[in-house]
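All residue numbers for the sequence shown refer to our numbering, where the first residue is 53 and numbers rise by one.
Built from N, CA and C at the ideal position, the CB exists for glycine as well.
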Amino acid sequence: MTASISVALGDRSYDILIGPGLLAEAGARIAPLLGASGGGRVFVVTDETLESLHLEALKDALDGAGIENHGVVLPAGEQTKSFVHLESLLDAMLDAGCERGTTIVAFGGGVIGDLAGFAASVLLRGVPFIQIPSTLLAQVDSSVGGKTAINARQGKNLIGSFHQPRLVLADTGVLRTLPPRELKAGYAEVVKYGLIDDPAFFDWLEVHAPAVLAGHEGAVVRAVETSCRAKARIVAADERESGQRALLNLGHTFAHALEAEGGYGELLLHGEAVSIGLLLAFDLSVELGLCPAEDRDRLRRHLDLLGMPADLPPLPGGWDADRLIAHFAKDKKVRDGRVTFVLARGIGQAFLSPDVPAPALRRVVERALSRAGVGPR
Ligand code: GLY
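If you want it as structure tokens, here you go:
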């Protein structure tokens, strides 16, 4: 049951393959893509968690196809998306003799995919790379579309590039070893596609999301496939985010501010911040009289039913409305000092709004803080 989706980008088009058991097929799937100039070599970038769980299976698959492979194992966690680890990764690649034709394989979640993709985009002015995403979040979002980045002191993903992979291999079987908290966090990026422009998918998720989170193979594959089809369509239409690709950031302006204040750690995983951010985006849309309150309440019921975060967790020292609002101004979508928010006219009807009135935004943030009993200070 392997699904195949093409990301149509002319001579940079590539496939996303989705299904259980793809890791074992990695060698056979990758071999045809390796140009003669690279001598068929690949350099695998992964993290310590994947090393202990699945790296051997990937190496066996590459060895089995006669693909010479080297690799580096980095610490797991958001802190790895940094200049320090970029430098050590580039060092390791150069020490291993990577050439222009060597293919980098990013085997991991969003952190590894973003970092290895960025390294691939600058090494020797750009080498090919392949994504083997190992988390739900990476399978439905970050591995597709060619956004690569590391974090800056000033904020998340502020240093990066667009560099499309040559292939995305999403082995849904690997998700079985994902901690339930991570799986749930990744689900926020799944439900996002229903909220953006696919109300029928949201209807389906209202029935089947518990099966997705319980790891039922058919439901997982369908959720990943529907998400990737939506993302592939949007990326093909607007690769560099000059327009509609920004819709994929629904909830993310709020999420990035929460993560920046929460410290990119255990308090809030990225997907958990997105879950809260999605609801805040709907709250803001309701506040502006653009969206029926019933749609926001329907989203809240869905998140609550699944045990997804909808409210801010307690933060040691407390949340601060001014500080959160100040983060919005650092968003990558700021143009001429104005933040573009993704709002919604209802479930499946997201749109971009460059002129959200500041008082309405403040009311929504302050309400969120008092709802969670954590502010405003
Ligand atoms: N994660 C949003 C995008 O790829 O555009």
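Between GLY323 and GLU269, the gap from beta carbon to beta carbon reaches 8 Å or more. Of the heavy atoms belonging to the ligand GLY, at least one sits nearer than 7 Å to the Cβ of LYS199. Under DSSP, LYS199 shares a beta bridge with PHE214.
The region 59-71 and the region 274-284 touch, with three or more beta-carbon pairs separated by less than 8 Å. For the pair ILE164 and VAL97, the CB atoms are nearer than the 8 Å cut-off. For a cut-off of 8 Å, the C-beta gap from ALA117 to GLY153 is around 17 Å, too long to register as a contact.
DSSP, reduced to helix, strand and coil, places LEU302 outside both helices and strands of the structure shown, so it counts as coil. Taking the C-beta atoms as reference points, TYR245 is found no nearer than 8 Å to LEU358. Judged by DSSP secondary structure, THR278 falls within the alpha helix (DSSP H) whose first and last residues are 269-289.
Relative to the Cα of SER134, the nearest Cα in the group ARG285, LEU320, GLY212 belongs to GLY212.
In this structure ILE286 is not in contact with PHE306, their Cβ atoms being roughly 20 Å apart against a cut-off of 8 Å. Pairing ALA222 with GLN191 gives a Cβ-Cβ distance under 8 Å.
Counting only unbroken stretches of 4 or more residues, the alpha helix (DSSP H) elements lying wholly within the region 111-194 are 135-147, 162-174, in sequence order.
Per DSSP, reduced to three states, the secondary structure at ARG292 is coil, with no helix or strand assignment. Its chain contains ALA204 as the residues whose beta carbon lies nearer than 6 Å to that of LEU210, once the 5 sequence neighbours on both sides are disregarded; these appear in chain order. GLY71 is bridged by DSSP to ASP223.
A distance criterion of 7 Å places the beta-carbon of SER327 beyond contact range of the ligand GLY, judged by its closest non-hydrogen atom.
Collapsing the DSSP output to three states places ALA381 in coil.
Relative to the Cα of VAL220, the nearest Cα in the group VAL264, ARG228, PRO185 belongs to PRO185. Sequence-distant partners of GLU311 (beyond 5 residues in either direction) whose C-beta falls short of 8 Å from its own C-beta, in its chain, are LYS208, LEU320, HIS322, ALA325. Around the beta carbon of LEU167, a 10 Å sphere encloses 16 or more other beta carbons of the protein chains shown; the residue is thus reported as buried. Between the ligand GLY and ARG81, a heavy atom-to-CB distance of less than 7 Å is absent. The beta carbons of LEU395 and PHE403 sit closer together than 8 Å.
Using a Cβ distance threshold of 8 Å, LEU126 and ALA171 do not count as a contacting pair. Among the bridge pairs identified by DSSP, PHE95 is matched with HIS122, ILE156.
For ALA237, there is no enclosing beta strand (DSSP E); the residue is part of the alpha helix (DSSP H) that begins and ends at 232-249.
In the three-state scheme derived from DSSP, where H, G and I count as helix and E and B as strand, ARG297 is classed as helix. Considering only ILE377, SER422, LEU257, LEU367, the residue with the shortest C-alpha distance to TYR316 is LEU367. The beta carbon of PRO365 lies closer than 7 Å to those of LEU319, LEU320 in the same chain, with the five residues before and after it left out. A direct Cα-to-Cα measurement between GLY129 and SER195 gives close to 16 Å.
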